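Step one of this worksheet: look at the structure below.
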Amino acid sequence: MGKKIYVGNLSYSLDDQSLADTFAEFGNVESARIVIDRETGRSKGFAFVEMSTDDEAATAIAKLNGVELMGRAMNVSEAKPMAPRENRGGFGGGRGGGGGNRGGGFGGGNRGGRF
């Protein structure tokens, strides 16, 4: 596995192949993936490129950071591992509250009294 590179400030119309071609000048590109918004299906404007060696990645970072591609100056840096997400509650967390006690066990609620 090679070195992963973060590429930000990308044109929304850039595709994976064009991105790979841009980095191929500096070595073997193992993968180039533009991050897509799941809801809209559109680019989020950043991507990850994986180069075969650390040296190739370092050269690509040095040569491409700040370079304009399709009218936008790319931010190119070493990809950092994703920080663990905090549990902020929201959906899917914990158990919902019960429905309150509406009458208890066997036979239902109204005890006593006449029929």
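Residue numbering for the sequence shown follows our numbering, beginning at -1 and increasing consecutively. Each residue gets a CB set at the ideal place from its N, CA and C atoms; glycine is no exception. Everything numeric in this text was worked out from a predicted model, so none of it was measured.
- Look at leucine 67 here: in three-state DSSP terms it is strand.
- By the criterion of a C-beta distance shorter than 6 angstroms, glycine 64 is surrounded in its chain by Ala71, once the five residues flanking it on both sides are discounted.
- Contact annotation: glycine 0 and methionine 49 have beta-carbon atoms nearer than 8 angstroms.
- For alanine 45, the enclosing beta strand (DSSP E) has its first and last residue at 41 to 49.
- Cα atoms of glycine 25 and alanine 55: separation of roughly 8 angstroms, rounded to the nearest angstrom.
- Under a 10 Å Cβ-count criterion, isoleucine 34 is classified as exposed, with fewer than 16 other Cβ atoms of the shown protein chains found around its own Cβ.
- The C-beta of alanine 60 has fewer than 16 other C-beta atoms within 10 Å across all chains shown, which makes the residue exposed.
- For a cut-off of 8 angstroms, the C-beta gap from aspartate 14 to alanine 30 is around 5 angstroms, short enough to register as a contact.
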